[in-house]
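> There's a structure below that I have some questions on.
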Amino acid sequence: MSAERGCVFCQIVRGEREASIVFEDQATLAFLDHRPLFPGHCLLIPKEHHQTLPDLPSALVGAFFSNAQLLARAVEAAVEAEGTFLAINNRVSQSVPHLHLHIVPRRRGDGLKGFFWPRRKYKDQEEEREVGQRISAHVAALLRERAAR
Numbered sequence: 000m001s002a003e004r005g006c007v008f009c010q011i012v013r014g015e016r017e018a019s020i021v022f023e024d025q026a027t028l029a030f031l032d033h034r035p036l037f038p039g040h041c042l043l044i045p046k047e048h049h050q051t052l053p054d055l056p057s058a059l060v061g062a063f064f065s066n067a068q069l070l071a072r073a074v075e076a077a078v079e080a081e082g083t084f085l086a087i088n089n090r091v092s093q094s095v096p097h098l099h100l101h102i103v104p105r106r107r108g109d110g111l112k113g114f115f116w117p118r119r120k121y122k123d124q125e126e127e128r129e130v131g132q133r134i135s136a137h138v139a140a141l142l143r144e145r146a147a148r
């Protein structure tokens, strides 16, 4: 299992740092966020050190998101929430450089408004089309790369 010595989350995995663990299996660990948006806000991490979702090996993606689904249900039931908000930051706004999924209980009128940043429309349909085409081209290239391995 790869780990980073100075990584706070790797220290939690190794038992060197305290955390309120709510779930653990061979691949993942979940614990309460120490600065929650609301009570029940927890973080799901892979036990192996991977900085971002794109870095997570394909073999771990299924287990990671299956456990995310499990935790979303558990958090909602445990705090009698109306729903949950799940979020991953990749590098930007990522306070700990170890992949982590926020699972946040939600209620109507809880004060969270959509995303935490301003949303903007595309300037026109041409810009939207161009951005979509660029993303599609990169997806195709990554799929070709994956197939070549």
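Reading the sequence shown from the start, the letters are residues 0 to 148 in numbering that gives the first Met the number 0. Note that beta-carbon positions come from the ideal geometry of N, C-alpha and C, so glycine has one too. Values in this document were obtained by computation on a predicted structure and should not be read as measured data.
1) Around the C-beta of Leu147, are 16 or more other C-beta atoms found within 10 angstroms, so that it is buried, or is it exposed?
2) Using 10 angstroms around the beta-carbon of Ile134, count the other beta-carbons present and answer buried if the total reaches 16, otherwise exposed.
3) Since I believe Gly39 is in contact with Val78 (beta carbons under 8 Å), could you give me their beta-carbon distance rounded to a whole number of angstroms?
4) Going by other Cβ atoms of all chains shown within 10 Å of its Cβ, with 16 needed for buried, is Ile87 buried or exposed?
5) Helix, strand or coil: which one does DSSP assign to Arg105?
6) List the whole-angstrom C-beta distance separating Ile102 from Ala76, where the pair is believed to meet the contact cut-off of C-beta under 8 Å.
7) Roughly how far, in whole angstroms, is the beta-carbon of Cys41 from the beta-carbon of Leu31, given that I think they are within contact range, below 8 Å?
8) Check this for me: beta carbons of His137 and Leu98, under 8 Å apart or not?
9) Helix, strand or coil for Ala26? Go by DSSP, reduced to three states.
10) Under the DSSP definition of a beta bridge, which residues are partnered with Ile20?
11) At what residues does the beta strand (DSSP E) containing Ala58 begin and finish?
12) For the alpha helix (DSSP H) that Phe8 lies in, which residues bound it at each end?
13) Within 10 angstroms of its Cβ, does Pro104 collect 16 or more other Cβ (buried), or is it exposed?
14) Is it buried or exposed, Leu142, if we count other Cβ atoms within 10 angstroms and call 16 or more buried?
15) In three-state terms, what does DSSP make of Ile87?
Let's see:
1) Locating residue 147 in the sequence shown gives position 148, counting from the first residue. Per the sequence shown, residue 147 should be read as Ala rather than Leu. That one is exposed.
2) In the sequence shown, counting from the first residue as 1, residue 134 sits at position 135. Ile134 is exposed by the Cβ-count criterion.
3) Sequence index remark: in the sequence shown, residue 78 carries index 79 (1-based). Sequence index remark: in the sequence shown, residue 39 carries index 40 (1-based). Right, the Cβ-Cβ distance comes to about 4 Å (below 8 Å), so this counts as a contact.
4) Here residue 87 refers to the residue found at position 88 of the sequence shown. Label assigned to Ile87: exposed.
5) Sequence index remark: in the sequence shown, residue 105 carries index 106 (1-based). Look at Arg105 here: in three-state DSSP terms it is strand.
6) To locate residue 102, count along the sequence shown from 1; it is residue 103. To locate residue 76, count along the sequence shown from 1; it is residue 77. Between Ala76 and Ile102 the Cβ distance is about 12 Å, and since that is not below 8 Å, they are no contact.
7) Residue 41 sits at position 42 when you count from the first residue of the sequence shown. Residue 31 sits at position 32 when you count from the first residue of the sequence shown. About 5 Å; that satisfies the 8 Å criterion.
8) Locating residue 137 in the sequence shown gives position 138, counting from the first residue. Locating residue 98 in the sequence shown gives position 99, counting from the first residue. No, they are not a contact pair.
9) Position 27 of the sequence shown, counting from 1, holds the residue named residue 26. Of the three classes helix, strand and coil, the one that applies to Ala26 here is coil, per DSSP.
10) In the sequence shown, counting from the first residue as 1, residue 20 sits at position 21. Residue pairing of Ile20 in beta bridges, as defined by DSSP: Phe30.
11) Locating residue 58 in the sequence shown gives position 59, where the first residue counts as 1. Counted as a single uninterrupted DSSP element, the stretch harbouring Ala58 is not any beta strand (DSSP E) but the alpha helix (DSSP H) occupying residues Ser57 to Ala77.
12) Along the sequence shown, read from residue 1 onward, the residue named residue 8 stands at position 9. Val7 to Arg13 is the extent of the alpha helix (DSSP H) around Phe8.
13) Your numbering for residue 104 matches position 105 in the sequence shown. Classification of Pro104: buried, given that the 10 Å Cβ count is 16 or more.
14) For the purposes of this step, residue 142 is taken as residue 143 along the sequence shown, with counting starting at 1. With fewer than 16 other CB atoms across the displayed protein chains lying within 10 angstroms of its CB, Leu142 is exposed.
15) One-based indexing of the sequence shown puts residue 87 at position 88. In this structure, Ile87 counts as coil in the three-state DSSP scheme.
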